[in-house]
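Colleague:
Residue numbers (the UniProt record's numbering): 1 to 1062.
(1) Rounded to the nearest angstrom, what separates residue 717 and residue 1013 at their Cα positions?
(2) Around the Cβ of residue 420, are there at least 16 other Cβ atoms within 10 angstroms (buried) or fewer (exposed)?
(3) Runs of 4 residues minimum, wholly inside the region 410 to 463: which ones carry the alpha helix (DSSP H) assignment?
(4) In chain order, what residues of the same chain have a beta carbon less than 7 Å from the beta carbon of residue 233, not counting five sequence neighbours either side?
(5) Whole angstroms is fine: what's the gap from residue 690's alpha carbon to residue 523's?
(6) Starting from residue 363, follow the alpha helix (DSSP H) in both directions and report where the run begins and ends.
(7) Do you know how far the Cα of residue 746 is from the Cα of residue 772?
(8) Taking 9 Å as the threshold (C-beta atoms), are residue 119 and residue 137 in contact?
(9) Are the CB atoms of residue 117 and residue 107 nearer to each other than 9 Å?
(10) When the distance is taken between beta carbons, is residue 396 closer than 9 Å to residue 362?
(11) List the DSSP bridge partners of residue 690.
(12) For residue 47, does the three-state DSSP call read helix, strand or coil?
(13) So, residue 713 versus residue 901, is the Cβ gap smaller than 9 Å?
(14) Taking buried to mean at least 16 other C-beta atoms within 10 Å of its own C-beta, is residue 619 buried or exposed?
(15) With DSSP run on the structure shown, which of helix, strand or coil describes residue 632?
(16) Please state if the CB of residue 564 and the CB of residue 633 are separated by a distance shorter than 9 Å.
(17) Take the Cβ of residue 1023 as the centre, count every other Cβ of all protein chains shown within 10 Å, and call the residue buried at 16 or more, exposed below.
(18) For residue 194, tell me which candidate among 146, 334, 133 has the shortest Cα-Cα distance.
(19) Express the C-alpha separation of residue 66 and residue 184 in angstroms, rounding to a whole number.
(20) Taking buried to mean at least 16 other C-beta atoms within 10 Å of its own C-beta, is residue 975 buried or exposed?
(21) Measuring straight from C-alpha to C-alpha, what distance separates residue 518 and residue 464?
(22) Just the Cα atoms here: how many angstroms apart are residue 439 and residue 445?
(23) Could you tell me the boundaries of the beta strand (DSSP E) in which residue 749 lies?
(24) Cα-Cα, which of 407, 413, 422, 490 is closest to residue 448?
(25) Along the chain, where does the beta strand (DSSP E) that runs through residue 25 open and close?
(26) Tell me the residue span of the beta strand (DSSP E) that contains residue 903.
(27) Tell me whether the beta-carbon of residue 78 lies closer than 9 Å to the beta-carbon of residue 87.
(28) With three or more beta-carbon pairs closer than 8 Å as the criterion, would you say the region 759 to 766 touches the region 783 to 799?
(29) From the DSSP output, which residues share a beta bridge with residue 1063?
(30) Residues in its own chain within less than 8 Å of residue 433 by CB, not counting five upstream and five downstream?
(31) Taking the beta carbon of residue 548 as the centre, do at least 16 other beta carbons fall within 10 Å, making it buried, or is it exposed?
(32) Less than 9 Å between the C-beta atoms of residue 668 and residue 678, yes or no?
(33) With three or more beta-carbon pairs closer than 8 Å as the criterion, would you say the region 33 to 43 touches the region 154 to 168?
(34) Looking only at DSSP bridge pairs, what is residue 653 linked to?
(35) Less than 9 Å between the beta carbons of residue 751 and residue 607, yes or no?
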C-alpha cells in the first residue's frame, strides 16, 4: 500500500506538524462540530465534572436544526476533554479538526475565586482564538442569581470577561440541556454563515489553503500560474465540501468533493486529493451507515491522556433515536456522487496511498487507516480491515512512548473487534513493553502488567487453572510460558510478590508437562525464593483495577499417585444391630420397578462403609517427588465439604526424585451426616495449595462421599490368661487367651473391659463363635449375663469385668454318650455287652456277670457293692489332646449410636487345649444284693501318662497307673416304688391321650408324637380316633366328648403292644 520510495514534497524539518494523533476518530467525525469541555479552578470536584459532561454529551451529540429554507438538518457534535493547539493548524486541511466551541466548569466561594475562573476561561479562549466561534462558562456559586446569565448579588464579573456565563447555585442545573441546545444552535448558525461566505467567493479570488508543513514550500512560487490557480480552486472546493458536511448537507458535500477531486487530480495535488477522497468516503458513510461507531457517550482525546491510553470509543453520545440506514437505490437517485459500499474501500485505499507519499502526513495516514478499518468492520470485511491495520504497523512515525502505547492499544482494540485475538494480544504486549522501555522517562510497571494481563486471552492463556484442559494443549505452550514469565517479571518490578508467587504457581501447575527438567527446577527454586516475601495462598487476588486473579495450586508437586479412603479397624467398624422384624402379614414384592418415580441415585464415589463421629478416620495416599532436590511438604490436611470435619495436619520430607511414598492423612468428623472428601491441602515451596481430586490426573473419582454415624463407645479388652503365641487373624480380634484343661477340670478367666472412648456403654452382649455344636459350646464356655448387666452403664474411663468359666468337655465323648449302643460298645471289654441287646442274650450275660462280681464283694462296707477290677492296657484306645478354638464376641453400644441402631464388636480369641484324664469306655447296670440298690459298672481308663487317684464313692478310691484301665462298680439307689405306682392296684386301666390339631387341609397331613412308659408287663391296645368337633380355644376336651362327637374316624384294628417283664 505504501510506496517503496516515498515522494517527499515538503521541507526536511517543518516547523508545524500535527504531533498529537487522535486514533479514536471515525468517518462520522468529519461531519461533527468539535467542542472542548474543560474544568477550571480547583474547587469543582471531578465527579461533578463527569456528571455535567455526561449530560451535555447526551443532550448535544446529535441535534436537529431548521434552516432558512424550512428544511431540517441533522447536526453532529463531538465533545473532547483535551485538544492540542497544534491540531488546530490542520483546520484548513480538514475542517473537522478545528475547535469551534468551548465550555468550561468552575466553582467559586468568593469574588476572588470568581475572578480567577473568568481569567482562566479567557486564557483558553485566547489559546484557541484562531478557530473558536463562541464559548460558555458554567459557574457554581454560593448564591442563586437573579438571572441565569447574571452573577449572584454582590458578585460581578471582570470587565475583560466577554463570555456568556451560566450561573448555578448547586449541581442540579435544571436547564443545562436547554442551555446546551441553545449554544449548539448558535454555533451552527455561525458555521452556516461561514459556509455561505465561502460559497459566494469568486473563483479567481480564492486564497490558497495550505497544510502546516506546506507553508515554506510555496514561498516564492508563482501562485498566478494556471496549475496553481487550479490548485487554489480545487482546495477551496474541497474545503467548501467539509463545511457543507459539517452543516448537515451531505449531498452538497458530495458534489463539492467530486468537483474538487477532478480538479486536484489534474494538477497532481496528491495530499489534498487524498483528503478529498477521504471526505467523499466520509460523506458516503454518513449517509449509508448513520449509526456506525456510536456506543459510548464521551470521547476523551487520546493524544493528551495521562496515565493510560485511550480505550474508550466515543460513540453514539445521544440517547435520541438514531435514523435507520436508507436503501442504496433511493440514496443513489438523490445523491448521484455517493460512493457504493465497495467503492468506499477503494477510495479510502487511494487516499491512504496519496498520504503515504508525504513524510509528514504519517499521522494523517495512520488516522485514515483506522477510519477505513472501522468502515470495513461495519461492512463485515475482515481481511480488508486487517490489511488496513497492517499498513498502520508499517508507518514509521517519530512518536513519543505514550503515543506508541496509544497506537498499539488502538490496534489491539480493532483487531479484537473482528476476531484477530492473537494479533490483538501481540499489539497489547508491545504496548506493555513501551511502558517500561529505556526511552520512557517515566516507566510504569503497573500499566505494563495490566496490558500484559489483558494480552493473555489472545494467546489462549487463561489464568484460571480450571479453564486449562488436562492435556494442556490449548494454544501455544512456548508462547504461553514466555507470557507468564513476563508477568512474573512485571509483578516483581512493581513490588507485588503475591502476584509473582501466584503466576509462578500457575506456571508449575498448568505448564508442568511442557517444561524441561531444568526449567522445572529453576522455576521451583524461583518460586521458593519469591514466596519467602509473600506466601502463596489458594485464594483469589483482587487487583486495584478490579481484576481478579484466580487461585492456583501445586497439583504436580508433589504428584499424587494414589488417594483412597480407609475403612476403620475391624473392631472399630460400626455394625447394624439386627432387630427382629414384626410379621405384618403377606406382602407383594417385585425386584423390578416398572415406571417407578423413585429412582435411587447411587453415587459411584460413595464408599460402602461408615465412619463414626469423633473417631479418627484415615485416607491413604502415595506421593511422588519429581524435583531433583528434597521437598518438604507440611500442613497436609484433608479438604472436606458437608459436615464439620477436624483435619489433623501432617508433614513429610520427600527425597529427591523419590516415590511413591505412602502418607496417611487423618481427621475426626464432628457431626453426623454425609461427608464429602474433596482432596487435600499442602504447603510446599512456600505455597499453600488446595489439591482437589477433580483437577488431578489419574484419580478414580472427583470426590468421595462417606456416611458418618453418631458416636459409638470404644473399649479395651484384657484377660487374666496368657496370650496365645499365634492365632488366626480374624476380624474384630483385639486380644487372645490360651489355657490347658484336663478332663473334668474347669477354670475361670477374668475378662476386663475398659471404656476407652468418650461415650458411655449402655449395651453389652456376649456370644461365642466356634466350630462346635451349640450343646458342646454351651458346656465349655459359661458366663453370667446378669453380673455383666449390673455394671452398666459403663462411663468413659470406667472398667468392667466378668468371669468366663471354661469346662473340659470331650467333643467325641459328648457325641458318643448320646448313642451308647452304636459307639461305646466297640471300645468296651467283650465281657460287658450292652444292656440294649436282645432279652435272651441279656439273661445269660447277667448271670455270668453276677457270679464274677459277687466274688469280690467287700464285707466291710455298710451296703453291698462290687469291687473294682483292673483290665488289660491293650484294650485302652489311644487319645491325643484336642485343641478348641473360639472367639468371645463382645457386642457393645451406647448413647446416640445405640439409638440409631449401631454397635461395635470386639473379639477375644480363646484357645483351649483339652487334655484327657479319665475316660469311661463302657458301662452296664447290674442288680445289687438288696432290692433298693443296683450297680452301675463303669470301665474307666487313665488317659494320662501319670499315676492317678480316682475317688468313686464317699470312702473308696483306686490308684491307676498311666494308660491303665479298670472297672468300677458304683452302687446306686433305686427309685422307690411308691412314687411310680398307685396306692391301690387297679386292673383294666384306660388312659387317654388327646392330641389337638386346629385345622387340617384336605389331603393334608399332621404329625403328632407321644411317649408312653409301661411299668407293668402285659398286653396293651392303642385306639386311634379322629374327630371333627370344634371347641373353644384352651378348653379341655374330655374323652367322653370325643366319644360323643358327631363325626369320628377310627383306626381299625387297634394297635396291640406286648410288654414283657425282664
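For glycine and all other residues, C-beta sits at the position ideal for the given N, C-alpha and C.
Modeller: Result, derived from the coordinates:
(1) 52 Å
(2) buried
(3) 421 to 435, 445 to 454
(4) If we look at residue 233 and ignore the five residues flanking it on each side, its Cβ neighbours are 203, 206, 263.
(5) Each residue's Cα considered, the two are about 20 Å apart.
(6) For residue 363, the enclosing alpha helix (DSSP H) covers residues 362 to 378.
(7) C-alpha separation (whole angstroms): 18 Å.
(8) no
(9) yes
(10) yes
(11) 681
(12) helix
(13) no
(14) Result: buried.
(15) Judged by DSSP in its simplified three-state form, residue 632 adopts strand.
(16) no
(17) exposed
(18) Closest option to residue 194, judged by alpha-carbon separation, among 146, 334, 133: 133.
(19) 13 Å
(20) exposed
(21) 25 Å
(22) 14 Å
(23) 746 to 755
(24) 490
(25) First-last for residue 25: undefined, no H or E at that position.
(26) 902 to 915
(27) no
(28) Using a C-beta cut-off of 8 Å, the region 759 to 766 makes contact with the region 783 to 799, since at least three inter-stretch Cβ pairs fall below that distance.
(29) There is no way to answer for residue 1063, as the model of the chain reaches only from 1 to 1062.
(30) 448
(31) exposed
(32) No; because the gap between Cβ atoms is not below 9 Å, this pair is not in contact.
(33) no
(34) 632
(35) No, the Cβ-Cβ distance between residue 751 and residue 607 is not below 9 Å.
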